[in-house]
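The block underneath contains the structure these notes are about, expressed in structure tokens.
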Ligand SMILES: [Zn+2]
């Protein structure tokens, strides 16, 4: 049975690296993969995923209006042209309906789907895509990174262009110069409580 997987983490945990490595493992064995990425993430340029350690691959950019089931159906072929696995980067930006579309890719087209994304935003709230994935995925995997104190980092702080902590605002700052730093819950709480 093909499954829908959700690998979640905070910022800078190396999700893109894991995605690219997993896709490479399929391709090395002559199998086809499809890599999708939310179109409004322009960090790596439209339709390309880059990891901090230098790996990169072309990706199919999608936006909130796209039907991902139909997309995969059109891409999928017969025999050697069959897609062995679908990868989704920045999965926190999926709509709930798109998460259902990916679940149907697994259930009806029998293609495994591996989604990678952030669990929570800078205010400690679930992203819509992550909420749906946490509810619907067959398997959840936590990608770990650590806080400066050595504890597991599960939270993220947003720093504005001035280097100050941002406590309010939109969930996603498109085209902004904001930086994100990952912390454990205790240190995140300290930072957000400070004046
Ligand atoms: Zn800490």
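Numbering (this note's numbering), first residue to last: 2 to 196. Where a beta carbon is used, it is the ideal one built from N, C-alpha and C, also for glycine.
Just the C-alpha distance for residue i and residue j, rounded to the nearest angstrom, thanks.
{"i": "residue 158", "j": "residue 123", "result": "5 Å"}
{"i": "residue 147", "j": "residue 79", "result": "43 Å"}
{"i": "residue 3", "j": "residue 73", "result": "15 Å"}
{"i": "residue 20", "j": "residue 88", "result": "7 Å"}
{"i": "residue 1", "j": "residue 144", "result": "No answer is possible for residue 1: it lies beyond the span of the chain, which begins at 2 and ends at 196."}
{"i": "residue 86", "j": "residue 70", "result": "13 Å"}
{"i": "residue 139", "j": "residue 5", "result": "5 Å"}
{"i": "residue 165", "j": "residue 150", "result": "21 Å"}
{"i": "residue 42", "j": "residue 168", "result": "With a pLDDT of only 49 at residue 42, under 50, the local geometry of the prediction cannot be trusted, and the value read off the model is given with reservation. Cα to Cα, the separation comes out at about 22 Å."}
{"i": "residue 45", "j": "residue 51", "result": "With a pLDDT of only 46 at residue 45, under 50, the local geometry of the prediction cannot be trusted, and the value read off the model is given with reservation. Approximately 6 Å between the Cα atoms of the pair."}
{"i": "residue 63", "j": "residue 97", "result": "14 Å"}
Under a three-way DSSP split, which group does residue i fall into?
{"i": "residue 4", "result": "coil"}
{"i": "residue 90", "result": "strand"}
{"i": "residue 192", "result": "helix"}
{"i": "residue 127", "result": "strand"}
{"i": "residue 96", "result": "coil"}
{"i": "residue 118", "result": "strand"}
{"i": "residue 143", "result": "strand"}
{"i": "residue 83", "result": "coil"}
{"i": "residue 54", "result": "coil"}
{"i": "residue 65", "result": "coil"}
Which residues are close to ligand 1, meaning CB closer than 5 Å to any heavy atom, in chain order? Each of 148, 150, 152, 185, 188 has a C-beta closer than 5 Å to some heavy atom of ligand 1; these make up the full list, in chain order.
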